[in-house]
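Line by line, the protein sequences are chains A and U. Position in the first sequence (from 1) plus 610 gives the number in the working numbering. Position in the second sequence (from 1) plus 121 gives the number in the working numbering. All C-beta atoms in this analysis are idealised placements derived from N, C-alpha and C, irrespective of residue type, glycine included. I have placed the structure first, in the form of structure tokens, so that the comments after it can refer back to it.
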Amino acid sequence: MGNAIFQPSHFTAVVLFALFASTVFGITQRETPRDMIRYGIYCFVLFVASAIALSWLMYFIAR
Amino acid sequence: MATEETKKTSTNSGAQEGFVYLPLIAGWLVPGGGHFLLRKWGRGALLAASILGMFMLGLLMQGKVYAGAHDILDILGLAGDLGNGLLYVLSRMLGLGDVQVMVTTADWGTRFIVVAGLLNIIAAVDAHNLKTGRKS
């Protein structure tokens, strides 16, 4: 069953998830194009940064 | 002041012409469809690319498309999947996503498909807000 066409690493999956979700959040939650881009980048950075921070937290908890 | 109010009223009534729920339904059935209907081509294209991209990657990762609900988590997953509108119907008809989740990437793929549906609902509601004049 492990014959998926696309098998990304965990980090790649996080980045792709963050990219798509941030694009939708940016467009739907703000009114002007400038604010949309700023909010989209803000969400993207928050998604990826929180994933990295939580990963390190779990790494230390597991030890 | 009075002129401003008159202008605002006429703008709102202009935005609400026709069936106000049409962009909501179109946006749910086809990702970005609500925005295309309102001639917001750029926004619609980006929303469509994001939602379709997420859904397709979910399938390519061998993600599961929920067909029924046996427990509360299945019900939530099915609700999210139904947000994909016609994509859900199409994938069920073609037998896509009819798999047992055995590997980690398939589990991520399943989440990608559910979240694509949820994002599609947000996009459809945004199209409705544009139609009613609540958002510009």
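Please report whether the beta-carbon of U:I243 lies at a distance below 9 Å from any beta-carbon of chain A. By one-based count along the second sequence, residue 243 of chain U stands at place 122. Closer than 9 Å: yes.
Which residues in the same chain have their Cβ closer than 7 Å to the Cβ of U:A245, if we skip the five residues on either side of it in sequence? The count along the second sequence starts at 1 and reaches residue 245 of chain U at position 124. Excluding residues within five positions, the ones whose Cβ falls inside 7 Å are L145, G148, W149, G155.
For U:F77, decide whether its Cβ has a neighbour in chain A, counting only Cβ atoms nearer than 9 Å. Not covered by the structure: residue 77 of chain U. The range shown for chain U is 122 to 257.
Output the distance between the C-alpha atoms of A:F630 and U:S171, rounded to the nearest integer angstrom. Translated into positions along the first sequence, residue 630 of chain A becomes position 20. Translated into positions along the second sequence, residue 171 of chain U becomes position 50. Each residue's Cα considered, the two are about 5 Å apart.
Test: A:M611 CB closer than 9 Å to a CB of chain U: To locate residue 611 of chain A, count along the first sequence from 1; it is residue 1. In this prediction, A:M611 scores a pLDDT of 48, lower than 50, which makes its location untrustworthy; no coordinate-derived value is stated.
Exposed or buried, what is U:S212 when buried is set at 16 or more other beta-carbons lying within 10 Å of its beta-carbon? What you label residue 212 of chain U is simply residue 91 of the second sequence in a count that begins at 1. Looking at its Cβ environment, which holds 16 or more other Cβ atoms inside 10 Å, U:S212 is buried.
Quick one: residues in its chain with C-beta nearer than 8 Å to the C-beta of U:A227, no 5 flanking neighbours on either side, listed in chain order? Position 106 of the second sequence, counting from 1, holds the residue named residue 227 of chain U. Once the five neighbours on either side are set aside, the close Cβ partners of U:A227 are M182, Q183, G184, K185, V220.
How many whole angstroms separate the CB atoms of U:G204 and U:G238, which I take to be in contact at a CB cut-off of 8 Å? By 1-based counting over the second sequence, the position of residue 204 of chain U is 83. By 1-based counting over the second sequence, the position of residue 238 of chain U is 117. Their Cβ separation, rounded to whole angstroms, is 3 Å, which keeps U:G204 and U:G238 in contact under 8 Å.
Helix, strand or coil for U:G201, going by three-state DSSP, please let me know. Against the second sequence, residue 201 of chain U aligns to sequence position 80. Helix at U:G201.
By the three-class DSSP mapping on this structure, what secondary structure does U:D219 have? Here residue 219 of chain U refers to the residue found at position 98 when the second sequence is read from its first residue. Note: U:D219 maps to coil in three-state DSSP.
What does a CB cutoff of less than 6 Å around U:L240 pick up in its chain, not counting 5 residues either side in sequence? Residue mapping note: residue 240 of chain U aligns to position 119 of the second sequence, counting from 1. For U:L240, where only same-chain residues beyond five positions count, the Cβ hits under 6 Å are I172.
Neighbour list for U:L208 in chain A, Cβ cutoff strictly below 9 Å: Working through the second sequence from its first residue, we reach residue 208 of chain U at position 87. Residues of chain A passing the Cβ test: none, with the nearest at roughly 14 Å.
Neighbourhood of U:N250 by C-beta, 6 Å cutoff - its chain only, sequence neighbours within 5 removed: In the second sequence, residue 250 of chain U corresponds to position 129, counting from 1. Same-chain partners within the cutoff: K256.
Whose CA, out of U:D247, U:D192, U:I196, lies closest to the CA of U:V235? Translated into the one-based positions of the second sequence, residue 235 of chain U becomes position 114. Cα-wise, what sits closest to U:V235 is U:I196.
Hey, could you find the ends of the alpha helix (DSSP H) U:N241 is sitting in? Looking up residue 241 of chain U in the second sequence gives position 120. 225–253 is the span of the alpha helix (DSSP H), which, as asked, contains U:N241.
Alpha carbon of U:D202 to alpha carbon of U:F176, nearest angstrom: Taking the second sequence and counting its residues from 1, the one referred to as residue 202 of chain U is at position 81. Taking the second sequence and counting its residues from 1, the one referred to as residue 176 of chain U is at position 55. If I take the Cα positions, the gap works out to 10 Å.
What are the boundary residues of the alpha helix (DSSP H) that includes U:H156? Here the question's residue 156 of chain U lines up with position 35 in the second sequence. 154–158 is the extent of the alpha helix (DSSP H) around U:H156.
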